[in-house]
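Trainee: Before I ask anything, here is the structure I am working with.
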RNA sequence: GCCCGGAUGGCGGAACUGGCAGACGCAGCGGACUCAAAAUCCGCCGCCCGCAAGGGUGUGAGGGUUCGAAUCCCUCUCCGGGCACCA
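Numbering (my numbering), first residue to last: 62 to 1004.
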């Protein structure tokens, strides 16, 4: 059968998928041609020339990676929500900036290129086109002039520019902000800041000066152990490695390798990143995750003089502790296996009387340590956590202010990457230390008086008076900390310190498909390319042959294969010289760190963004606020990485005067995920979800065989994908939009149920029928004024829908609109024109094509686009009824309802209640002990 | 282990700040229309008792505060997420 021919019995003008498709493509073409979604700037390049006195609003989705596998219905959930909100705000008089870009550098395109031999740009651009097509079909009201892709040369030119800004800055701890590196040089050369080694600046060699400056830069080269992932062919940042020591992407093995790498000094901003969280309108969970990630803890560094058996020279072991008050409970020290002092302190022979359990069965401490280290590097972190293990170094350390000498161990429960890589073992007050002490027979000394009910075999971490602690005895934990810190500082044994879990950001990637780092090297180190040499474009790479990515391989950047690119002769101000280029590229996070700024001014080739345009769009509506994007919507999986990196870059740009406020995103909402049922057969193999029959009650089957249902992510592996294209074909884009918004609150995960989508289509069909005759296509609206009941319902609906839209509670807004429409349907006469007009405007944000079609049918073409019509406002006079029905409780139980005047007082309400037969029966003539009237809400009687 | 969320009919969810639990939708049941079916329209729809009026009971479990608790407090169970030998 011809798909476009109406089926027998279906009215020719019914709102079905075919009609929806026709309406949708027609209006999309009109909107595109007329530019209704273009947001005018008050200044700057992309202005449409219209001045705008309206308040501004900047709304963004987290931009997507243009994947080759296309979208499923879960992807656009957040996009639909922002689009609805934006349309509502636009109709409420806001000048809204809303657009979409693509985060298009990254591994999949490069992997695809390796397999096909095709340049990643070709594949990337094809994917972008496909994704644009799928998103356009949804009718998202983006300002298309402003979209960017991070792979555009015009875009990454500015990513590189920002890199240079960071490279050419240092963090001044006194003013707690980034400053140009030239000001550091001035301070060194003027003597205001002492040069390294206490010598005069001009006495230093060129190499020494370069080294002093380079070590202060916010972007710097470090020779550090890195996370090398052979399967991905790149090193990864700490954030990209899971707790199990595998890559977050792909779950591949990761190995430590020492390597020269670019680092970003994000730790300098730790305190500001932490403090400013309090000023953000973000989900508390995301703030908590960032706080945990930063991991600020206050404590002390304490120095323990240590020496091995028969060694004369003492070497200080510095430990970090948050409990300096427990110093006198220290019964041993522990160094991390990788700690540099291990080799210096390890003894040649066991001291007399060393317990067997401390030796690891080795003949000498040196052998024991070597064996222990070898074993530690083999074990995964998960295996390590089972029980405490370690070996004795044959060395002892002196506890400050105490006469005791304590043994020094190496143990893998101490991590080199946190604090100083060494701890003081206090088994009385720390449970981990307690477990270690029990395993090796070390003494336990309590230094805080535990309450009598505290079990003796557990460490006590609570508050209480200090004991066994000399001058601290009797003081509580807080006071003990203060006093011991004072004494340690005086004696030179320690000091107060703040420690962070967060490390600097490893910024190099050994990949081709990323932004080249605009740096060259001479014999003394890195040299920035000048701004006028940007963009530094990726060279063509012809050698796509896959490299052996063995476990024992070494990192090798693909750009190193382009010989003509590696070595470069250029003039950077002191005549033509030969330089070596930086061969690494930037991580995928770089492009997403600042794309919101480029949306504001995408074609500016003088600056990354015009300052006046930036100020207009990023200004905080509240004076003194942090500014930034007014609403940012995206998945919670970016809670730490993307959102922390972007905040860091933004703060650097703020310090250097390139942006007007300290934060990039003032309000953040995490949209939930659409989950889908997946079905497994008896073998545990997933079967295509669309072929499964049955129900929860009667059981599910596939091909007659029973299958088990589970809820999971939508995707190929679970064979449960539903694509937007499927939904467009069966229902149309507006129905898909309405259904996705109706499923539940925006932040909540929810299971997809294709069979329920029809409900949203039926709602639209009923609206359609109340306005349009399905048989003739003629208008069905009446020119009669709505009666009082309908008018009041209309205004109550307007009032509620406005509030729900403002609060992004689109599910309840849709319910209210449905109720209004159901009332129109019940009347069966066609909608009064006034009601139809208001209803269509309220529907416009949710189902823009549908509303635009009805709007034009109602008003003709002279009324303009509904997207620019005014969102209805309720008449307050019509919100309050003269009489209200109020429930009556007797002794806390509902016994009836009475209708009273809206302004009735308590006496009148109670009198009305007592007149109600069922209420009277339950009161039974007894005396009222208490009466209460919550106006319009409840009458309560107590007898 | 610690820190965040959450638990409401067969299902998704609603109930604003303590005031009619279950809006709206799906599924189900009944009716009208139809030769019939689909579509549409009308109605019913937590559980128990009752012909009905009505009564009892009910928001994961137990306790508390209150005239009144899905909502506030305490204890517990389960589910989801984050962190986790972080000194």
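For every residue, glycine included, the Cβ atom is placed at its ideal position computed from N, Cα and C. These figures come from a predicted structure and were not determined experimentally.
Taking the continuous alpha helix (DSSP H) assigned at residue 399, which residues delimit it?
Mentor: Counting along the chain, residue 399 falls outside any alpha helix (DSSP H), and DSSP gives it neither H nor E.
Trainee: Let me know the beta strand (DSSP E) ranges lying completely inside the stretch 667-723, each 3 residues or longer, listed in chain order.
Mentor: Taking only runs of at least 3 residues, the beta strand (DSSP E) segments lying wholly in the stretch 667-723 are 692-695.
Trainee: How far does the alpha helix (DSSP H) with residue 524 in it reach, from first residue to last?
Mentor: Taken as a continuous stretch (DSSP letters only), residue 524 belongs to no alpha helix (DSSP H), as it is neither H nor E.
Trainee: Just list the beta strand (DSSP E) runs in the stretch 214-272, keeping only unbroken ones of 3 residues or longer that don't cross its boundaries, in chain order.
Mentor: Whole beta strand (DSSP E) segments, 3+ residues: 230-233, 238-241.
Trainee: Decide yes or no for the touch test of the stretch 632-644 against the stretch 582-595: beta carbon pairs closer than 8 Å, at least 3 of them.
Mentor: Short answer: they touch.
Trainee: Would you call residue 988 buried or exposed, if buried means 16 or more other Cβ atoms sit within 10 Å of its Cβ?
Mentor: By the 10 Å Cβ count, residue 988 comes out exposed.
Trainee: Under the three-state reduction of DSSP, which class applies to residue 903: helix, strand or coil?
Mentor: Looking at residue 903 - three-state DSSP - the assignment turns out to be helix.
Trainee: Would you mind listing the beta strand (DSSP E) stretches within the stretch 151-175 that are 3+ residues and don't spill past its ends, in chain order?
Mentor: Here the runs fully enclosed are 156-159.
Trainee: If you draw a straight line from the C-alpha of residue 547 to the C-alpha of residue 248, how long is it?
Mentor: Cα to Cα, the separation comes out at about 33 Å.
Trainee: Which residues in the same chain as residue 769 place their Cβ atom closer than 6 Å to its Cβ, once the five residues preceding and following it in sequence are excluded?
Mentor: For residue 769, where only same-chain residues beyond five positions count, the Cβ hits under 6 Å are 741.
Trainee: With a threshold of 16 other CB atoms inside 10 Å of the CB of residue 751, please say whether the residue is buried or exposed.
Mentor: The residue is exposed, with fewer than 16 neighbouring Cβ atoms inside 10 Å.
Trainee: Taking Cβ to Cβ, would you say residue 78 is nearer than 8 Å to residue 158?
Mentor: In this structure, residue 158 does not lie closer than 8 Å to residue 78 by Cβ.
Trainee: Quick one: what's residue 999 bridged to in DSSP?
Mentor: The partner list for residue 999 (beta bridge, DSSP) reads 995.
Trainee: Examine the Cβ distances between the stretch 233-244 and the stretch 274-285 and report whether three or more of them are shorter than 8 Å.
Mentor: With a cut-off of 8 Å, the stretch 274-285 and the stretch 233-244 count as touching, because enough Cβ pairs lie within range.
Trainee: Residue 766: buried (16+ other C-beta within 10 angstroms of its C-beta) or exposed?
Mentor: Flag for residue 766 reads exposed.
Trainee: Mapping the DSSP letters down to three states, classify residue 988 as helix, strand or coil.
Mentor: Three-state result, residue 988: coil.
Trainee: At what residue ranges does the stretch 405-450 contain a whole run of the alpha helix (DSSP H), taking only runs of 4 or more?
Mentor: The stretch 405-450 contains these whole alpha helix (DSSP H) runs: 426-439, 442-445.
Trainee: Keeping to the same chain, check which residues put their C-beta closer than 7 Å to that of residue 607; ignore five residues upstream and five downstream.
Mentor: Unreliable positioning characterises residue 607 in this predicted model, as indicated by a pLDDT of 49, which lies under 50. A coordinate reading is not provided.
Trainee: Express the C-alpha separation of residue 699 and residue 723 in angstroms, rounding to a whole number.
Mentor: Computed Cα separation, rounded: 20 Å.
Trainee: Count the other C-beta atoms from every protein chain shown that fall within 10 angstroms of the C-beta of residue 214, then say buried if there are 16 or more, exposed otherwise.
Mentor: Exposed, since its Cβ has fewer than 16 Cβ neighbours within 10 Å.
Trainee: Within 10 angstroms of its Cβ, does residue 571 collect 16 or more other Cβ (buried), or is it exposed?
Mentor: With 16 or more other Cβ atoms within 10 Å, it is buried.
Trainee: Can you list, in chain order, the residues of its chain whose CB lies under 7 Å from that of residue 857, leaving out five sequence neighbours each side?
Mentor: So the qualifying residues of the chain are 940.
Trainee: In three-state DSSP terms, what is residue 741?
Mentor: In the structure shown, residue 741 sits in a strand (DSSP, three-state: E or B).
Trainee: For residue 290, list the residues DSSP reports as bridge partners.
Mentor: According to DSSP, residue 290 bridges with 295.
Trainee: Between which two residues does the alpha helix (DSSP H) containing residue 558 stretch?
Mentor: No alpha helix (DSSP H) contains residue 558, which is instead part of the beta strand (DSSP E) from 555-560.
Trainee: Considering only residues of the same chain and omitting the five flanking positions on each side of residue 359, which have a CB-CB separation below 6 Å?
Mentor: Cβ within range, chain order: 559.
Trainee: Can you tell me whether residue 202 is buried or exposed, with buried defined as 16 or more other CB within 10 angstroms of its CB?
Mentor: Buried, since its Cβ has 16 or more Cβ neighbours within 10 Å.
Trainee: Just the C-alpha distance for residue 461 and residue 322, rounded to the nearest angstrom, thanks.
Mentor: Distance between the alpha carbons of residue 461 and residue 322 is about 39 Å.
Trainee: Measure the Cβ-Cβ separation of residue 511 and residue 492 and say whether it is below 8 Å.
Mentor: Result no, Cβ atoms of residue 511 and residue 492 do not sit closer than 8 Å.
Trainee: Going by CA-CA distance only, name the one from 871, 565, 928 that's closest to residue 325.
Mentor: Closest option to residue 325, Cα to Cα, is 565.
Trainee: Under three-state DSSP, which class holds residue 607?
Mentor: The predicted model places residue 607 with a pLDDT of 49, which falls under 50 and marks its position as unreliable, so this point remains unresolved.
Trainee: Locate the alpha helix (DSSP H) running through residue 820, then write down its first and last residues.
Mentor: Segment 818-832, the alpha helix (DSSP H) holding residue 820.
Trainee: Helix, strand or coil for residue 777? Go by DSSP, reduced to three states.
Mentor: Residue 777: coil per DSSP, three-state reduction.
Trainee: With H, G and I counted as helix, E and B as strand and the rest as coil, what does DSSP make of residue 1012?
Mentor: The displayed coordinates of the chain run from 62 to 1004. Any statement about residue 1012 would go beyond what the structure contains.
Trainee: Secondary structure at residue 277, three-state DSSP: helix, strand or coil?
Mentor: Residue 277 falls in the coil class under three-state DSSP.
Trainee: State buried or exposed for residue 964, treating a residue as buried only when at least 16 other CB atoms are found within 10 Å of its CB.
Mentor: Exposed: under 16 other Cβ atoms inside 10 Å.
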